[in-house]
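Q:
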Amino acid sequence: MDKLIGACLVAQSGGPTAVINASAYGVIRTALDDDTITHVYGAAHGIRGVLDDILYDLDLEDEHELRLLLNTPSASLGSCRYKLKDYTEDDTDYRRIMEVFKKHDIRYFFYIGGNDSMDTCNKISKFLQKEQYLCRVIGVPKTIDNDLYGTDHCPGFASAAKYVITSCMEMRRDCNVYDYYSAVIVEVMGRHAGWLAGAAGVATATGDGPDLVYLPETDFDMDQFLDDVKRIMDERGDCMVVVSEGIHDKNGKFISEYGAPDAATDSFGHKQLGGVASTLVSYVKQKWGVKKIRGVELSLLQRCSSHFASATDINESFAAGRAAVKAAVNGMTDKMMAFHRLTDVYGDYACEVIPQDLSLAANTEKKVPREWINEAGNGVTQEFVEYVLPLIQGTPNLPLENGLPRFAKLKRIVAK
Ligand code: F6P
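Quick note, the sequence shown lines up with residues 1466 to 1881 if you use this note's numbering.
1. Which whole-angstrom value is the C-beta distance of V1475 and V1492, which I expect to be below 8 Å?
2. Find the nearest neighbour of A1602 within the set Q1821, T1829 and G1844, judged by alpha-carbon distance.
3. What residue does the beta strand (DSSP E) around D1778 start on, and which one ends it?
4. Apart from the five residues on each side of it in sequence, which residues of its chain come closer than 7 Å, Cβ to Cβ, to T1631?
5. For K1752, I'd like the list of residues in its chain whose CB is within less than 6 Å of its CB, leaving aside the five on either flank, ordered along the chain.
6. When DSSP labels each residue in this structure, what does E1710 get in the three-state scheme?
7. How about D1778: is its Cβ closer than 6 Å to a heavy atom in the ligand F6P?
8. DSSP beta-bridge partners for I1838?
9. In terms of alpha-carbon separation, which member of S1721, V1845, K1756 and L1854 lies closest to T1744?
10. Under 6 Å: does the beta carbon of M1634 sit that close to some heavy atom of the ligand F6P?
11. Fully enclosed by the segment 1659–1728, which beta strand (DSSP E) runs are 3 residues long or longer?
12. Who pairs with H1805 in a beta bridge, going by DSSP?
13. Name the DSSP beta bridge partners of P1861, please?
14. Within a Cβ cutoff of 8 Å, which residues of the same chain sit near S1747, ignoring the five residues on either side of it in sequence?
15. E1817 CB to nearest chain D CB: under 7 Å?
16. Output the distance between the C-alpha atoms of H1510 and E1700, rounded to the nearest integer angstrom.
17. Does the segment 1750–1769 come into contact with the segment 1570–1578, if we say contact requires no fewer than three beta-carbon pairs (one atom in each stretch) closer than 8 Å?
18. Measuring only the C-alpha atoms, how far is K1718 from D1518?
19. Here's a check: name, in chain order, each residue in its chain whose Cβ is nearer than 8 Å to the Cβ of D1617, leaving out the five neighbours to either side.
20. By a C-beta neighbour count over all protein chains shown, 10 Å radius and 16 as the cutoff for buried, is E1710 buried or exposed?
21. Might you give, ordered along the chain, the residues of its own chain that have their beta carbon closer than 6 Å to the beta carbon of D1676, omitting 5 neighbours on each side?
22. According to DSSP, simplified to helix, strand and coil, what is C1633?
Here it is, written out as structure tokens:
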């Protein structure tokens, strides 16, 4: 395999996570250390930054600040939700991307993102191949939704799951202090896949978790839900519920739309969800007259909280970025780095990074298997709990300043 000498470009895309910067650092550090890579750039706001030719010169960053990316949440290069058209219909964006790549001699392109971002990465990879522009393109997975196809789990999921689990354990303690009926309904992200909501089942397994968990993999029945809540409140005087933002009725209508029918959509046509907890609170109040009931939308907290992230997640996210560069330098292209779960010689969890075809990962959503959800559709099984537990292990060694987290402050100098 001939050495491919040239610059590398890394970009972040889609909803951020607590560890997407750890993957970026994996790419950046490994690329900076590699002799075949002449320069390291980061695109501002994913593919948008490429189209606008706004590339940060990462060779000019201080190593100390770059290293802080390991514990810095959200996307430090900026993110985007931008859908590329099919190049057979309109190749304007692709021609512009190739022009910018040529200008900076980009020969390695690493795109960190979820389903939609892998779609972008895949399309660019195929277009560059068609045009015979030599550039190795690798996707690095990321999503708290954990719904990328071809990987055991996704960077970002475990830290978000750990936040959801811990918050549920804490709220459970608050929810049952009074000597009269009280309830809390917690809303967790996840449009079509309930991995993150289901993770709350790990809190239940500790004895401090929700009584009921609803995922979008099953149809949500309002009457059944109201009966479930009443039964639990009668049994124990309080009730804690976790719902995924994407729960829907048997006609496919989102429950969040029962309350707010005009949800905005992004460029991929996805409705911005949210508000399902408060909708359900109104239904429970109205039906059962429960006065002490709260809806809690974990919203951004679940994906940007890094103070109790999973060290396993941080390490694996870094490893995915690092493996992407190593693979590309060794000749690989048109792949996404994926995780394969292993058991080591002691019977403990281990994980290896393996390549998957980019086209497989693009646009295919991995749902929670039906058999990991209980018969009634209001909780998860022990198998689900065992799937999550190894992923959330370890606490980060958080760099502090004045007792507060010290996040990376990049210079973000735009390359000429
Ligand atoms: O990245 C996935 C996700 O976090 C979904 O769970 C959620 O529906 C979506 O992103 C919301 O993202 P935003 O509103 O920031 O576009």
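Don't be surprised by glycine CBs; every beta carbon is placed ideally from N, CA and C.
A: Judging by the given coordinates:
1. Residue numbering aside, residue 1475 sits at position 10 when the sequence shown is read from its first letter. Residue numbering aside, residue 1492 sits at position 27 when the sequence shown is read from its first letter. With 8 Å as the limit, V1475 and V1492 qualify as a contact, their Cβ atoms being about 5 Å apart.
2. For this step, residue 1602 is matched to residue 137 along the sequence shown. Per the sequence shown, the amino acid found at residue 1602 is Val instead of Ala. For V1602, the nearest C-alpha among the options comes from Q1821.
3. Numbered from 1 along the sequence shown, position 313 holds the residue referred to as residue 1778. Premise fails: D1778 lies in the alpha helix (DSSP H), A1776 to V1794, not in any beta strand (DSSP E).
4. Here residue 1631 refers to the residue found at position 166 when the sequence shown is read from its first residue. F1773, listed in sequence order.
5. Residue numbering aside, residue 1752 sits at position 287 when the sequence shown is read from its first letter. Taken in chain order, the residues that qualify are L1691.
6. Along the sequence shown, read from residue 1 onward, the residue named residue 1710 stands at position 245. Three-state result, E1710: coil.
7. Translated into the one-based positions of the sequence shown, residue 1778 becomes position 313. No, the Cβ of D1778 stays beyond 6 Å of every heavy atom of the ligand F6P.
8. Translated into positions along the sequence shown, residue 1838 becomes position 373. Answer is V1845.
9. By one-based count along the sequence shown, residue 1744 stands at place 279. Taking only the C-alpha atoms, the option nearest T1744 is S1721.
10. Here residue 1634 refers to the residue found at position 169 when the sequence shown is read from its first residue. Checking every heavy atom of the ligand F6P against the Cβ of M1634, none is found closer than 6 Å.
11. 1677–1679 and 1703–1709
12. In the sequence shown, the residue the question calls residue 1805 occupies position 340. Its beta-bridge partners are E1817.
13. The residue labelled residue 1861 in the question sits at position 396 within the sequence shown. BP columns for P1861 are empty, so no partner.
14. For the purposes of this step, residue 1747 is identified with residue 282 of the sequence shown, where counting begins at 1. These residues qualify, in order along the chain: G1724.
15. Here there is only one protein chain, and chain D is not present.
16. Residue 1510 sits at position 45 when you count from the first residue of the sequence shown. Residue 1700 sits at position 235 when you count from the first residue of the sequence shown. Rounded to whole angstroms, H1510 to E1700 spans 51 Å at the Cα level.
17. no
18. Here residue 1718 is taken as the residue at index 253 of the sequence shown, counted from 1. Here residue 1518 is taken as the residue at index 53 of the sequence shown, counted from 1. Those two C-alpha atoms are separated by around 41 Å.
19. Position 152 of the sequence shown, counting from 1, holds the residue named residue 1617. Around D1617: A1803, F1804, H1805, R1806 and C1816.
20. By one-based count along the sequence shown, residue 1710 stands at place 245. By the neighbour-count rule (16 or more Cβ atoms within 10 Å), E1710 is buried.
21. In the sequence shown, counting from the first residue as 1, residue 1676 sits at position 211. Once the five neighbours on either side are set aside, the close Cβ partners of D1676 are I1697, C1704 and M1705.
22. Mapped onto the sequence shown, residue 1633 falls at position 168. Looking at C1633 - three-state DSSP - the assignment turns out to be helix.
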